[in-house]
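Numbering (numbering that gives the first Met the number 0), first residue to last: 0 to 283.
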Amino acid sequence: MVADPDLQAASRPVVLCCFPGGGMSTAYFEMDGYDMAAHLAGAGVIVVLVDHPGVGDSDVPDDPWTLRPELVADVEVLAVERVIAGLGLANPVVIGLGHSMGAMLVAYQQARHRPYQGLVLVGYSGRGLPEVLRREELAVAHDPAGAHDAIVQLARSRFGRPLVSGGPAHSEMLVGPHASPGALGALGAATGPLLALCGLTSMLPGSHADELASIDVPVLAGVGDHDIVGPPHEIPGHFPGSRDVTVFVLQDAYHNSNIAPNRHLLWDRIRDWTEMIRERCSVE
């Protein structure tokens, strides 16, 4: 007997696990007046918000210098697995969503443990941020082993401490020159410590190219047209293992796209894309 595809799809809820960018907590996804989580939940998506270790409501380890991307990813996958198990859902479609540094960590999670059936990567391309790097940091660009060995020393030199307060949430580079006072206030309330090792790794070109190359599930890359991710048409090249990379460019948006005037267009695109993944998983 062939099951009705609509009934089969309806029996597989979508769980979207969301991870914030550097210097932000999960409050970024539910800012007053800019609430992405409520928007998606209203469309039937189950939204799970996960703070990184040392950020927001998560515990701070005894030695935050241990918070390399690999360890953070391992811890976060364990958290996701426990939450999913606790929801008691029948055969859910689980999708990882990350913003900026959080997107990199979602990529690490998928590379190391494959917990997701699709990835939504917002404000991220895999190119790093070479224009702001120092000479010694550029020396390990496109050298994953060298970057791994040097990352603690480089992060100590750049940041001085493993959890960095006072991130650039209000930087014009990230929000644009015309962000409203309400938007800036909402962002300010959503700030949290930056994980120095993860933040710097996300900035180093090629430092995690192997992880990106191993991803073989569908990817939705959502970026602003004034983002810091480089040319959007180059994004699929960072994911050679995936046969399905969709790039959505939100017009008149900067890096922190959740405060863009037309942010709902991105949120609706995420909703539609997750529904597509659910339908695809339901007939496979």
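Beta carbons: idealized from backbone N, C-alpha and C, even for Gly. These figures come from a predicted structure and were not determined experimentally.
Query: Once DSSP output is grouped into helix, strand and coil, what is the label at valine 119?; Result: strand
Query: Tell me whether the region 248-261 and the region 118-129 touch, counting them as touching only if at least three CB pairs, one residue from each stretch, are closer than 8 angstroms.; Result: yes
Query: In this structure, what does DSSP give as the bridge partners for cysteine 197?; Result: Cysteine 197 pairs with nothing; no bridge assigned.
Query: Count the C-beta pairs between the region 91-109 and the region 129-138 that are closer than 8 angstroms, then say yes if the count reaches three, no if not.; Result: no
Query: Tell me the rounded alpha-carbon separation between glycine 205 and arginine 126.; Result: 7 angstroms
Query: Report the rounded CA-to-CA distance for leucine 249 versus valine 93, giving the unit in angstroms.; Result: 24 angstroms
Query: In terms of residue numbering, what span does the beta strand (DSSP E) encompassing histidine 98 cover?; Result: 92-98
Query: Run through DSSP, which three-state label would leucine 48 get?; Result: strand
Query: Please report the distance separating the alpha-carbon of proline 19 from that of leucine 96.; Result: 9 angstroms
Query: Compute the beta-carbon to beta-carbon distance between leucine 196 and valine 228, rounded to the nearest angstrom, for a pair I have assumed lies under 8 angstroms.; Result: With a Cβ gap of about 21 angstroms, leucine 196 and valine 228 do not count as contacting.
Query: Would you mind working out which of Pro129, Leu86, Pro161 sits nearest leucine 15, comparing C-alpha positions?; Result: Leu86
Query: Residue range of the alpha helix (DSSP H) that threonine 273 falls in?; Result: 262-282
Query: Per DSSP, what are the beta-bridge partners of phenylalanine 247 in this structure?; Result: Gly221
Query: Taking Cβ to Cβ, would you say alanine 252 is nearer than 8 angstroms to histidine 232?; Result: no
Query: Go ahead and pull the three-state DSSP assignment for leucine 77.; Result: helix
Query: Are the Cβ atoms of valine 49 and alanine 78 separated by less than 8 angstroms?; Result: yes
Query: Just verifying my parser: in three-state terms, what is the DSSP assignment at valine 163?; Result: strand
Query: Going by Cα to Cα distance, which pick from Ser201, Tyr33, Ala182, Leu132 is closest to proline 143?; Result: Ser201
Query: Could you tell me the distance, in whole angstroms, from the CA atom of alanine 110 to the CA atom of serine 213?; Result: 6 angstroms
Query: Does the contact criterion of 3 or more C-beta pairs under 8 angstroms hold for the region 59-70 versus the region 147-163?; Result: yes
Query: Between glutamate 130 and asparagine 90, what straight-line distance do the alpha-carbon atoms span, to the nearest angstrom?; Result: 44 angstroms
Query: What residues in its chain sit with their C-beta under 7 angstroms from that of glycine 32, if we drop five residues either side in the sequence?; Result: Gly181, Ala185
Query: What does the Cβ neighbour count give for histidine 177, buried or exposed, with the cut at 16 atoms within 10 Å?; Result: exposed
Query: Over the uninterrupted beta strand (DSSP E) stretch that includes valine 14, give me the two end residues.; Result: 13-18
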